[in-house]
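Comments concern the structure below.
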Amino acid sequence: MKYLDEYRNPEKVKSLLREIESVTTQNWVIMEVCGGQTHAFLHHGLDAMLPSQIELVHGPGCPVCVTPLEQIDRAIAIASQPDVIFTSYGDMLRVPGSSKNLFAVRAGGRDVRVVYSPLEAVQIAEANPDKQVVFFAIGFETTAPANAMAILQAKNKNIKNFSVLVSHVRVPPAMEAILSSKSNRVQAFLAAGHVCAVMGFHEYPPIAEKYHAPIVVTGFEPIDLLNGLNSAVKQLESGNAVAENQYQRAVKFGGNESAQRTIRSVFESVDRKWRGIGVIPQSGWGLSPEFQMFDAEKRFDVQNIFAQESLLCIAGEILQGLKKPPQCSAFGKKCTPQFPLGAPMVSAEGACAAYYKYHRDVVYE
Amino acid sequence: MCLAIPGKLTEIYQKETLRMAKIDFGGIVKEICLEYTPEAKIGDYALIHVGFAISLMDEEEAQETLKLIKEISEFEDEIS
Ligand code: SF4
Numbered sequence: 476m477k478y479l480d481e482y483r484n485p486e487k488v489k490s491l492l493r494e495i496e497s498v499t500t501q502n503w504v505i506m507e508v509c510g511g512q513t514h515a516f517l518h519h520g521l522d523a524m525l526p527s528q529i530e531l532v533h534g535p536g537c538p539v540c541v542t543p544l545e546q547i548d549r550a551i552a553i554a555s556q557p558d559v560i561f562t563s564y565g566d567m568l569r570v571p572g573s574s575k576n577l578f579a580v581r582a583g584g585r586d587v588r589v590v591y592s593p594l595e596a597v598q599i600a601e602a603n604p605d606k607q608v609v610f611f612a613i614g615f616e617t618t619a620p621a622n623a624m625a626i627l628q629a630k631n632k633n634i635k636n637f638s639v640l641v642s643h644v645r646v647p648p649a650m651e652a653i654l655s656s657k658s659n660r661v662q663a664f665l666a667a668g669h670v671c672a673v674m675g676f677h678e679y680p681p682i683a684e685k686y687h688a689p690i691v692v693t694g695f696e697p698i699d700l701l702n703g704l705n706s707a708v709k710q711l712e713s714g715n716a717v718a719e720n721q722y723q724r725a726v727k728f729g730g731n732e733s734a735q736r737t738i739r740s741v742f743e744s745v746d747r748k749w750r751g752i753g754v755i756p757q758s759g760w761g762l763s764p765e766f767q768m769f770d771a772e773k774r775f776d777v778q779n780i781f782a783q784e785s786l787l788c789i790a791g792e793i794l795q796g797l798k799k800p801p802q803c804s805a806f807g808k809k810c811t812p813q814f815p816l817g818a819p820m821v822s823a824e825g826a827c828a829a830y831y832k833y834h835r836d837v838v839y840e
Numbered sequence: 169m170c171l172a173i174p175g176k177l178t179e180i181y182q183k184e185t186l187r188m189a190k191i192d193f194g195g196i197v198k199e200i201c202l203e204y205t206p207e208a209k210i211g212d213y214a215l216i217h218v219g220f221a222i223s224l225m226d227e228e229e230a231q232e233t234l235k236l237i238k239e240i241s242e243f244e245d246e247i248s
């Protein structure tokens, strides 16, 4: 219990832990979808305070981790060309491609820039009409409204030297892929609060019903996480399976509708490959026909780049909740945050990096 | 990039076609876009994803969320 004093309200945390303990009578496997939640569970030591019957598994909700290797290689191929300014969210620069990362491309003299907002990439394009400016548009539903607005801006302003390398993923199809897999172990989900701040949670009731799995929209603080778990365990114990919102202060059922409208005007649903997992049907967004002229994959002819993951890396099994990071033979040995072999070790939101940082090197059997 | 960061709106203005604002993240001031939260007023706290306000929140929630972000970014500093 050594971390308890750090909490804003330790009494509330203790009483929630007691409540969870008192309702838990069986073994349950619960997945927190979002990497920010994984990080928070481990940081606060909550995983170790839960009743032993509750096993947390860590979901694929880290966009850096699931962006496919070939997309990283395509980014590197584009960024390596002369007269290109390649722009990206900072987290992507360290992600290992097949042979190097974007930091190495920059060190080799090419123009790779970190932007805070995709609108900055559009401004860079406006200011550098003699260069091709490419933005690496990755992320879940949380970054899509921003990326969509940047593309709309470029269209409205008729900026011809701007394009986007798109690798957007969506949470609900990933949940369905996990639940429908033959080897699935996940019985309930804590859904990612910030994704739901954008999208709402109207997509979840049908999934909860179809797979008979409770889905609880959950925030990121200790009390949020425990509230989410408490609801999930209560549903599991009573045989219920509905979509519930435990993050009401930030999430409405319908989400942010104006953001969703903008997303729909720029993107359409496409099949998307997830790093380590493979293709999940209709699990991503790609540019809709009206915006194809902004597609960097076509502009730079990098569609035919394919890549092979490190054979040691078991990120796919980790991202689906089938294995824990210490069960990977490379964990903490060949693969560390300084020298990552796979994406979940690169990002602070990745499960492998969180286990490494918080010394969860126990192997669960 | 996926974890939204809360901040306080200190200035609201129009920039070309977009409604923009200055936002204070505990001392660091950035420009963000308000197109998705047109109801926002100066003094409000907003959750910001990659330069866009996605929802509004109260001050206490904003402070707590900031703590968590700080921990994660310290980790980023540590490993980069
Ligand atoms: S420890 Fe490294 S190699 Fe192993 S699964 Fe995680 S990222 Fe992949």
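As they're listed, the protein sequences go chains A and B.
Here our numbering = 1-based position in the first sequence + 475.
Here our numbering = 1-based position in the second sequence + 168.
The beta carbon of each residue, even a glycine, is placed where N, CA and C say it ideally should be.
So, for residue i: in the same chain, excluding its five sequence neighbours on each side, which residues have a beta-carbon less than 8 Å away from its beta-carbon?
i	result
serine 733 of chain A	none
phenylalanine 516 of chain A	Glu507, Asp522, Leu531 and Leu700
leucine 762 of chain A	Ile626, Val639, Val641, Val741, Phe742, Glu743, Phe769 and Asp770
glutamine 182 of chain B	Met188
proline 812 of chain A	Met820, Val821, Ala828, Tyr831 and Lys832
aspartate 856 of chain A	Residue 856 of chain A lies beyond the residue range present for chain A, which begins at 476 and ends at 840; the question has no answer from this structure.
Would the beta-carbon of residue i fall within 8 Å of that of residue j?
i	j	result
alanine 725 of chain A	alanine 667 of chain A	no
glycine 210 of chain B	leucine 177 of chain B	The question names glycine, but residue 210 of chain B in the sequence shown is isoleucine. Yes, they are a contact pair.
serine 573 of chain A	aspartate 548 of chain A	yes
histidine 514 of chain A	glycine 796 of chain A	no
glutamate 616 of chain A	valine 580 of chain A	no
lysine 657 of chain A	phenylalanine 766 of chain A	no
tyrosine 213 of chain B	glutamate 203 of chain B	no
valine 218 of chain B	tyrosine 564 of chain A	yes
alanine 230 of chain B	threonine 205 of chain B	no
proline 680 of chain A	valine 717 of chain A	yes
isoleucine 505 of chain A	glutamine 662 of chain A	yes
valine 559 of chain A	glutamine 607 of chain A	yes
glycine 729 of chain A	histidine 677 of chain A	yes
methionine 674 of chain A	glutamine 735 of chain A	yes
phenylalanine 825 of chain A	alanine 818 of chain A	One point to set straight first is that residue 825 of chain A is glycine, not phenylalanine, in the sequence displayed. Going by C-beta atoms, glycine 825 of chain A is nearer than 8 Å to alanine 818 of chain A.
cysteine 201 of chain B	leucine 186 of chain B	yes
leucine 491 of chain A	asparagine 705 of chain A	yes
glutamine 512 of chain A	leucine 654 of chain A	no
valine 498 of chain A	glutamate 719 of chain A	no
isoleucine 634 of chain A	alanine 600 of chain A	yes
DSSP beta-bridge partners for residue i?
i	result
phenylalanine 561 of chain A	A:Val587 and A:Val609
aspartate 616 of chain A	Note that residue 616 of chain A is glutamate in the sequence shown, not aspartate. According to DSSP, glutamate 616 of chain A bridges with nothing at all.
isoleucine 761 of chain A	The sequence as given places glycine at residue 761 of chain A; isoleucine does not occur at that position. Paired residue(s): A:Glu743.
glutamate 179 of chain B	B:Lys190
methionine 506 of chain A	A:Val532 and A:Phe664
asparagine 720 of chain A	A:Val692
cysteine 810 of chain A	A:Phe806
leucine 224 of chain B	B:Ala214
histidine 643 of chain A	A:Gly614 and A:Trp760
glutamate 199 of chain B	B:Lys190
phenylalanine 637 of chain A	A:Val608
valine 754 of chain A	A:Lys748
isoleucine 173 of chain B	B:Ile216
aspartate 548 of chain A	Paired residue(s): none; aspartate 548 of chain A is not in a bridge.
aspartate 770 of chain A	A:Val639
Excluding five sequence neighbours on each side, which residues of the same chain lie with their C-beta closer than 6 Å to the C-beta of residue i?
i	result
phenylalanine 610 of chain A	Thr562, Pro593, Ala596 and Val639
glutamine 546 of chain A	Ser642
glutamine 710 of chain A	Pro689
lysine 832 of chain A	none
alanine 782 of chain A	Leu544, Glu545, Asp548 and Ser573
lysine 748 of chain A	Pro543 and Val754
valine 587 of chain A	Ala554, Phe561, Leu577, Val580 and Arg581
alanine 652 of chain A	Ile755
cysteine 803 of chain A	Ile789
Between which residues of its own chain and residue i is the CB-CB distance below 7 Å, once the five residues before and five after are set aside?
i	result
proline 815 of chain A	Pro571 and Val821
glycine 583 of chain A	none
arginine 569 of chain A	Asn576, Phe578 and Val821
glutamate 246 of chain B	Confidence at glutamate 246 of chain B is low in this model, with a pLDDT of 46, below 50, so the placement of that residue should be treated as unreliable; the coordinate-derived value is given next. Cβ neighbours of glutamate 246 of chain B beyond the five flanking positions: none.
threonine 500 of chain A	Glu712
asparagine 659 of chain A	Ile653
tyrosine 591 of chain A	none
Which residues neighbour the ligand SF4 when neighbourhood means a C-beta less than 5 Å away from any of its non-hydrogen atoms? List them by chain order. A:Cys788, A:Ile789, A:Ala790, A:Cys803, A:Ala805, A:Phe806, A:Cys810, A:Leu816, A:Gly817, A:Pro819, A:Met820 and A:Cys827
Pair every Cβ in the stretch 617 to 628 of chain A with every Cβ in the stretch 736 to 743 of chain A, then say whether three or more of these pairs are closer than 8 Å. yes
Hey, is the stretch 181 to 193 of chain B in contact with the stretch 548 to 559 of chain A, meaning 3+ C-beta pairs nearer than 8 Å? no
State whether the stretch 628 to 648 of chain A contacts the stretch 767 to 777 of chain A, with contact taken as three or more CB pairs (one from each stretch) at a distance under 8 Å. yes
Using 8 Å as the cut-off, can you tell me whether the stretch 785 to 793 of chain A makes contact with the stretch 511 to 530 of chain A, which would need three or more C-beta pairs spanning the two stretches below that distance? no
Indicate whether the contact test is met: 3 or more Cβ pairs, each with one atom in the stretch 538 to 546 of chain A and one in the stretch 685 to 702 of chain A, closer than 8 Å. no
Do the stretch 746 to 753 of chain A and the stretch 698 to 706 of chain A meet, that is, are 3 or more Cβ pairs less than 8 Å apart? no
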